[in-house]
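Undergrad: Respectively, the protein sequence lines represent chains Z and S. Sequential numbering of the first sequence, starting at 17, is according to the numbering used here. Sequential numbering of the second sequence, starting at 6, is according to the numbering used here. I'd like to ask some things about the structure below.
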Amino acid sequence: MAEKFDAIVIGAGPSGNAAALVMARAGMKVLQLERGEYPGSKNVQGAILYAEALEQIIPNCRRQAPLERPIIEQRMWVLDDESYVGSNYRGTKKKDEPPTRYTVIRANIDRWMSKKATDAGVLLICEATVLDLIKLDGKVVGVRTDRLGGDILAEVVVLADGVNSLIATKAGLRPTIKAADVALAVKEMHFLPKEVIEQRFNIANDEGVVIELFGKITKGMMGTGFLYTNRESIALGIGCMADDFKKGGVTPYDLLDAMKAHPAIKPLIAGSEVKEYAAHLIPEGGYKAIPQVHGDGWVIVGDSGGFVNAVHREGSNLAMTSGRLAAETILKLKEEGKPFTAQHLARYRAALEDSFVMKDLKKYRNMPEIFHANPQFFTTYPELLNRAAATILKVDGIDKKTKEKEIAGEFVKRRSRLGLLGDAIKLVRSFR
Amino acid sequence: MSKVEEKLFENRYRVDEGRPHIAIISADVCEGKCTAKQCTYCCPAACYALENGKVVLTTDGCLECGTCRVICDDHFNIEWSYPRGGFGILYKFG
């Protein structure tokens, strides 16, 4: 006879760990399956941890979690080929107490969070790839893996299987993700002595910096780059929409190397030792690309549900929150003695809609297609802005009014008056 | 070593010898029907190489991102699954 659990969670990333922990803590018999050697070994993230979302699942998380550095400074760079114009926010750890954003190393955080889940009673089995969902009369009733003999049954299955969402797709619960809805990001881990990082970024030993990179580095593709300071390493990466990569022009690794060679970035990583190269898809289709996330006997959480706010680079907090909300819905239904039907699990969708997860995604629902269809935001404007800055800052005997005219003339020449107006409207539309 | 091979060299893998988790469904489709062969320049681990007009797939350095699966949407000529449990890329940092 097949063994039966109250719930099976597929995947041990932030969403799966959140769901498993919340259910087990309330006394449910939870089985969690992870295909990696350990939780985190298949996972990739920038990575920034959003403490508030984690705090709701693990109180006092700031004191216990393996955090790297709280972010006290955010730099936003708009890059041309050899220059950038930027803006900064810099606070202090004290001023923004408690910090809500920390750099983290994903493998460390996943393992730590998973330990919390197993301490709460979750049965975690690693090195087990789920092959199929088992369905009975259209209802999901369990899973089949490549490792554990026989079928494993459960009252409800939580799919936290990541962006590719193979299992849900195979079972026909959702369509295959589209190249237009995912970004391919590549990333390297650059190791440097702690003191060197602190000197280069003008920070103390418990402070961190984030640099968001936007512009010519993506070669006209819709995408962004990033640089995060960890304790003894710098995470550096760049991501662009997969269908833009498909059009050709540059390979992901050449794009990353070109970014590393930019005159503003190169000195920051000089002399570093690269210890890992990673690639991952990020679901960036936003609100319109979110699939059905619940049905008879199943819910989808985290990246497999497409819960990523690409504009603000938030993902792990949406993942954890979706995992928590799914678990809380399941617990509530169990308490009320209601079966896990699509009709009852719809409460999970409602809880998502009621939270920042869907509210934020809804706010930016138009952004992906607007930016996708208008590469000038990634090429022409960064170029124009950089040229404007260079022109106005150059002291060469030419009067300022003439310079202003020249700058305005360049904008009109490149985009036309109507074009500029249209772009302004598109920008406003994409942000609300 | 090519630049991408140098990058992959830093990674930790447990290769499932003789059991590739990705397969090209029909070599003829790659050779005859697919003119752009986007997998050869989209894969971040350069698993797909062009040799005499044929696409040759070696999954040993695969980062399991899924890019080839989503961009092969003109011909749907890739059969993609995850490696067996415990095999494949093992990220140290992620």
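Yeah, the Cβ is synthetic: ideal placement off N, Cα and C, and Gly gets one too.
Over the uninterrupted beta strand (DSSP E) stretch that includes M257 of chain Z, give me the two end residues.
TA: It spans S249 to M257 - the beta strand (DSSP E) in which M257 of chain Z sits, taken as one unbroken run.
Undergrad: Does chain Z have any CB closer than 8 angstroms to the CB of V34 of chain S?
TA: Judged by the 8 angstroms Cβ criterion, V34 of chain S is not in contact with chain Z.
Undergrad: Within its chain, find whatever has a CB closer than 8 angstroms to the CB of M275 of chain Z; leave out the 5 residues flanking it on each side and keep chain order.
TA: Here the set comprises L229, I233, G241, L252, I254 and I281.
Undergrad: Under 9 angstroms between beta-carbons, which chain S residues line up against G264 of chain Z? List them in chain order, please.
TA: Under the 9 angstroms cutoff, chain S gives A41, Q43, Y46 and C47.
Undergrad: Any C-beta of chain B sitting closer than 8 angstroms to the C-beta of H278 of chain Z?
TA: Absent from the structure is chain B; the protein chains it does hold are Z and S.
Undergrad: Starting from the C-beta of R216 of chain Z, find all residues in its chain whose C-beta is less than 7 angstroms away, skip the five residues before and the five after it, and write them out in chain order.
TA: Cβ neighbours of R216 of chain Z beyond the five flanking positions: L284.
Undergrad: List the endpoints of the continuous alpha helix (DSSP H) containing F207 of chain Z.
TA: Looking at the DSSP string, F207 of chain Z is not in any alpha helix (DSSP H); the run it does join, the beta strand (DSSP E), is V198 to F207.
Undergrad: Considering just the uninterrupted stretch of the alpha helix (DSSP H) at E22 of chain S, what are its terminal residues?
TA: That residue, E22 of chain S, is in no alpha helix (DSSP H); it is neither H nor E in DSSP.
Undergrad: If you pair each beta-carbon of the segment 137 to 157 of chain Z with each one of the segment 96 to 116 of chain Z, do three or more pairs fall below 8 angstroms?
TA: Taking 8 angstroms as the limit for Cβ pairs, the verdict is that the segment 96 to 116 of chain Z does not touch the segment 137 to 157 of chain Z.
Undergrad: Assuming C70 of chain S and L334 of chain Z are in contact, meaning their beta carbons sit under 8 angstroms apart, how far apart are those beta carbons, in whole angstroms?
TA: About 20 angstroms; that fails the 8 angstroms criterion.
Undergrad: Any beta carbon of chain S sitting closer than 8 angstroms to that of Y244 of chain Z?
TA: No, no contact with chain S.
Undergrad: Buried or exposed, going by whether 16 or more other CB atoms sit within 10 Å of the CB of A123 of chain Z?
TA: The residue is buried, with at least 16 neighbouring Cβ atoms inside 10 Å.
Undergrad: Please list the partners that K291 of chain Z has in chain S, where partner means a Cβ-to-Cβ separation under 8 angstroms.
TA: Near K291 of chain Z (Cβ distances below 8 angstroms), the residues of chain S are E15, K97 and F98.
Undergrad: In terms of residues, what are the limits of the alpha helix (DSSP H) holding Q80 of chain Z?
TA: Segment C77 to Q80, the alpha helix (DSSP H) holding Q80 of chain Z.
Undergrad: Got a sec, what are the start and stop residues for the alpha helix (DSSP H) S332 of chain Z sits in?
TA: Residues S332 to E351.
Undergrad: Could you please give me the residues that DSSP links to V46 of chain Z through a beta bridge?
TA: Answer is Z:A23.
Undergrad: Once the 5 residues before and after D319 of chain Z are set aside, which same chain residues still bring their CB inside 6 angstroms of it?
TA: Only G178, V179 and P299 meet the Cβ criterion.
Undergrad: Would you mind listing the beta strand (DSSP E) stretches within the segment 211 to 291 of chain Z that are 3+ residues and don't spill past its ends, in chain order?
TA: Correct list: 224 to 231, 239 to 245 and 249 to 257.
Undergrad: Given that a residue counts as buried once 16 or more other Cβ atoms are within 10 Å of its Cβ, and exposed if not, what is L434 of chain Z?
TA: Answer is exposed; the Cβ neighbour count stays below 16.
Undergrad: Taking the alpha carbon of T396 of chain Z as the reference point, which residue from Z:V94, Z:E89, Z:N59 and Z:C77 has its own alpha carbon closest?
TA: When only C-alpha atoms are compared, the closest one is Z:V94.
Undergrad: Please determine if the segment 329 to 343 of chain Z and the segment 196 to 211 of chain Z are in contact, where contact requires at least 3 C-beta pairs separated by less than 8 angstroms.
TA: In short, these stretches do not touch, since the Cβ pair count stays below three.
Undergrad: Residues in its own chain within less than 7 angstroms of V373 of chain Z by CB, not counting five upstream and five downstream?
TA: Cβ within range, chain order: F323, L334, T337 and S338.
Undergrad: Given this structure, state the Cα-to-Cα distance separating S371 of chain Z from K304 of chain Z, to the nearest angstrom.
TA: Roughly 17 angstroms separates the two Cα atoms.
Undergrad: Which bits of chain Z does R89 of chain S rub up against, with CB to CB less than 7 angstroms?
TA: Per Cβ cutoff of 7 angstroms: T145 and D162.
Undergrad: Can you tell me which of the three DSSP states Y46 of chain S falls into?
TA: Of the three classes helix, strand and coil, the one that applies to Y46 of chain S here is helix, per DSSP.
Undergrad: Quick one: using the 10 Å Cβ neighbour count with 16 as the cut-off for buried, is H278 of chain Z buried or exposed?
TA: Buried is the call here.
Undergrad: Just to confirm before moving on: does the CB-CB distance between G93 of chain S and C73 of chain S stay below 8 angstroms?
TA: No, these two residues do not count as a Cβ contact at 8 angstroms.
Undergrad: With 16 as the cutoff for other CB atoms within 10 Å, does P30 of chain Z come out buried or exposed?
TA: P30 of chain Z comes out buried.
Undergrad: Below 8 angstroms on the Cβ atoms is my contact criterion, and I expect D162 of chain Z with N59 of chain Z to pass it. Report the Cβ-Cβ distance as a whole number of Å.
TA: The pair is not a contact, with the Cβ atoms about 19 angstroms apart (cut-off 8 angstroms).
Undergrad: So which residues on chain Z does I3 of chain S lean against when the C-beta distance must stay under 8 angstroms?
TA: Because chain S is modelled from 6 through 99, residue 3 of chain S falls outside the range shown and cannot be assessed.
Undergrad: Quick one, which of Z:T357, Z:I306 and Z:K442 has its alpha-carbon nearest P391 of chain Z's?
TA: Comparing Cα positions, the closest option is Z:K442.
Undergrad: Just verifying my parser: in three-state terms, what is the DSSP assignment at P55 of chain Z?
TA: Note: P55 of chain Z maps to coil in three-state DSSP.
Undergrad: So L68 of chain S contacts chain Z; which residues on that side make the cut at Cβ distance below 9 angstroms?
TA: What L68 of chain S touches in chain Z: V60, V202, Y293, A294, A295 and H296.
Undergrad: Go ahead and label L182 of chain Z buried or exposed: buried means 16 or more other beta carbons lie within 10 angstroms of its beta carbon, across all protein chains shown.
TA: With 16 or more other Cβ atoms within 10 Å, it is buried.
Undergrad: What are the start and end residues of the alpha helix (DSSP H) that includes L400 of chain Z?
TA: T396 to L409 is the span of the alpha helix (DSSP H), which, as asked, contains L400 of chain Z.
Undergrad: Does the CB of Y18 of chain S have a neighbour CB from chain Z at under 8 angstroms?
TA: Output row for Y18 of chain S: interface = no.
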